[in-house]
Amino acid sequence: MARSWRSGGTGEGGWPSGGHGGAWGPRRPWYRNIFVGDNPLMWAVPLGRVRGISVRVSVLMIVWGVLQVLTSGQRGDMAIAVLGLFLIVLAHEFGHCFACRAVGGEADEILMWPLGGLAMCRPRHRWRDNLITTLGGPMVNVALIPVLGVPLVLLTGTLESVVFNPLDPFRAYGSVFATSGAGRPGWWYHAYRWGWWFYYMNGALLLFNVLLVMYPMDGGRIVQALLWRRVGYDRATYAVARVGVGMAALLGVYALLRGENVLFGIALMGGLTCWQELQRQRWIASQRAEEPWRQGQEEEEEPDLSAAHQGPAGERRGLAAPPSRRAAERAQAEAVEHQKELDRILEKISARGMASLTRSEKRFLEQDTIRRRAQ
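Residue numbers (the working numbering): 54 to 428.
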C-alpha cells in the first residue's frame, strides 16, 4: 500500500538539513522511534530486522490487542489467539517481501496494523513481477494449511476438523469437540481449541484476501496484474478500482448489518483506496486528452535486460532503437521517478529520522549526492 509523509528541508547534495551529526546522526531515545511524525496512524514500535526487512507494529494494533485481551472472559486464550493471528499475518507479509526480492524488486519494511499488514514492496513495473509479488503472500497461507492441518487431524482422528463449510465453521468445531473429546485429558482440549483456531484463521485470511477484488487486498492486485497483461496497466488499474468501490460498498453494508467493526474498517479502507485510484486514473486520462499525441499511450513496462535478452556483447536483441521523442519521454519519466523516490526517502527521514533508512535507501541517497555534485 502506498504511503506518504511530509517532507522536510534538504541541505547540500540532497541530504536532509538539521543537526544530525556524524555519518548518520546520533541515536535518538527509543521512545522517539515510536511517536514520530504528525500522523498517529504511522506511530509504531520497531521489533527488529529479518534479512534486511524491518518489522514495526502500529501503536493502534497494540492498543487493539490489549483491549481484546482485557475485555475477554478468557484472557489467556484470547492472548494466544491474538498472538497466533499476528504471526500468521506477519508470515503472509514476509511472503510478499521475499517474492518481490526473488523477481529483482526491493522490499525492506513491514508495518502491522489492526486491519492487517502492509509490506512495502517495490517490484519492477512489469505485470509478471507484480503478480508474483502479490501471490507470495497467499502462497504462505497455502503452505501453512498442511503445517497446521496435519497435527489437527492426528490430534482428533477425523478429517472433519480440517474439512468443513467455511460459512458455518463452528458447527464442525463443536461436532468434533463432542465426538472426539470424550475422556480426553485437559491438555487435549486446549491443543484442539488453539490448533483449530490457527487453522481456521489461516484459511479464512487466505480466502478473504484472495476473493475480495479491491485495493489493497491481494485479490485486487492479482486481477489487476492479469488484466495488465491483456489491456495495459492503466485500464487494468481503472477496472479493478471501479469493481473495488462497489465491492467495498457491499462489504461495508454487510459489516454494518452484522455489527462487524473490523470488517467495516477493512471495507472503508478498501473503498477509500479504490476511490483514490479512480481519481488518479481519471486525472491521467484528462492529461492525455489535453495532449492528443498521448492518446492510446499506456505506461510502459520496464524492459527485460537479462542475459537471455542480450547479444554476446550485451546489445539488446529484437528491440529497435527508439525514436528520439520516445527516448526523451523515457528520460523524463525516469527523472520524475527518481525525484519521487528521493522525496519519499526525505519524507521518511523527516518523519522517523535517519536511523529508519534501509541499506538500499542509504545507497540511493549516496548515489544521488554523487550525481548532484558531478553536475
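Every residue gets a Cβ at the ideal spot worked out from N, C-alpha and C, and that includes glycine.
Determine the closest residue to residue i out of the options, with distance taken between C-alpha atoms.
i	options	result
PRO269	VAL284, ARG288 and ALA301	ALA301
ILE106	LEU143, LEU123 and VAL119	LEU143
VAL266	THR290, PHE251, ARG246 and GLY318	THR290
PRO219	TRP250, ALA257, GLY210 and ARG237	ALA257
GLU132	TRP117, GLU146 and HIS145	Contrary to the premise, residue 132 reads as Ala rather than Glu in this sequence. Closest option to ALA132, Cα to Cα, is TRP117.
GLY190	ARG282, TRP96, ALA152 and VAL98	ALA152
GLY273	ALA292, VAL284, ARG283 and ASN255	ALA292
GLN334	VAL298, HIS149, ASP287 and LEU304	ASP287
GLY260	PHE230, ALA155, HIS145 and VAL108	Looking at the sequence shown, residue 260 is not Gly but Leu. Closest option to LEU260, Cα to Cα, is HIS145.
TRP328	VAL298, GLY312, ASP421 and LEU316	VAL298
LEU331	ARG295, GLY170 and TRP240	ARG295
GLY227	ARG237, SER214, GLY236 and GLY239	SER214
VAL103	ASP421, THR411 and PHE417	THR411
ASN262	PHE223, LYS401, ALA320 and ARG179	ALA320
GLY210	PHE230, PHE223, ILE163 and ASP221	PHE230
ARG283	ARG179, THR186 and THR326	ARG179
THR186	ARG109, HIS149, PRO238 and ALA338	HIS149
LEU184	VAL203, VAL156 and LEU325	VAL156
GLU414	GLY129, THR232, ARG175 and PHE217	ARG175
VAL195	PRO238, MET254 and ASP221	MET254
Can you tell me where the alpha helix (DSSP H) holding residue i begins and where it ends?
i	result
VAL200	180-209
ARG128	128-155
ASP287	286-311
VAL229	222-233
PHE217	First-last for PHE217: undefined, no H or E at that position.
TYR245	239-264
With burial defined as no fewer than 16 other Cβ atoms inside 10 Å of the residue's Cβ, what is the status of residue i: buried or exposed?
i	result
VAL193	buried
ASN314	exposed
MET114	buried
TRP336	exposed
ASP161	buried
GLN340	exposed
GLN277	buried
GLU419	exposed
TRP77	Any reading at TRP77 must be qualified, since the residue scores a pLDDT of 45, below 50, and its modelled position is unreliable; no value is offered.
GLY323	buried
LYS393	exposed
PHE217	buried
GLY305	buried
THR232	exposed
ASP271	buried
ALA225	buried
PHE223	exposed
ARG154	buried
THR124	exposed
ARG416	exposed
Could you spell out where the beta strand (DSSP E) holding residue i opens and where it closes?
i	result
ALA429	The requested residue 429 does not occur in the structure, where the chain is confined to residues 54 to 428.
LEU17	The shown model of the chain, from 54 to 428, leaves out residue 17, and the question about it has no answer.
GLY169	169-175
SER111	106-111
Report, in whole angstroms, the separation of the C-beta atoms of residue i and residue j, which I expect to be a contact under 8 Å.
i	j	result
PHE139	MET173	Not confirmed; about 18 Å, so no contact.
SER111	PRO167	7 Å
GLY158	ARG181	Contact flag wrong, Cβ pair sits at about 11 Å.
LEU280	ALA244	Contact doesn't hold; Cβ gap of about 44 Å is too wide.
TYR242	LEU201	Contact doesn't hold; Cβ gap of about 18 Å is too wide.
LEU197	GLY248	Between GLY248 and LEU197 the Cβ distance is about 12 Å, and since that is not below 8 Å, they are no contact.
ALA134	TRP250	6 Å
GLY170	ILE163	6 Å
LEU100	VAL108	4 Å
ASP421	LEU395	6 Å
ILE275	LEU136	In fact, because the Cβ distance is near 29 Å, the residues do not count as touching under 8 Å.
PHE317	LEU309	6 Å
ASP130	ARG237	With 8 Å as the limit, ASP130 and ARG237 do not qualify as a contact, their Cβ atoms being about 17 Å apart.
Determine, using beta carbons only, whether residue i comes closer than 8 Å to chain C.
i	result
LEU310	The structure shown contains no chain C; it holds only a single protein chain.
Should residue i be listed as close to the ligand FAD, given that the test is whether its C-beta is under 7 Å from any heavy atom?
i	result
PRO167	Because no ligand of any kind appears in the structure shown, any question about the ligand FAD cannot be addressed here.
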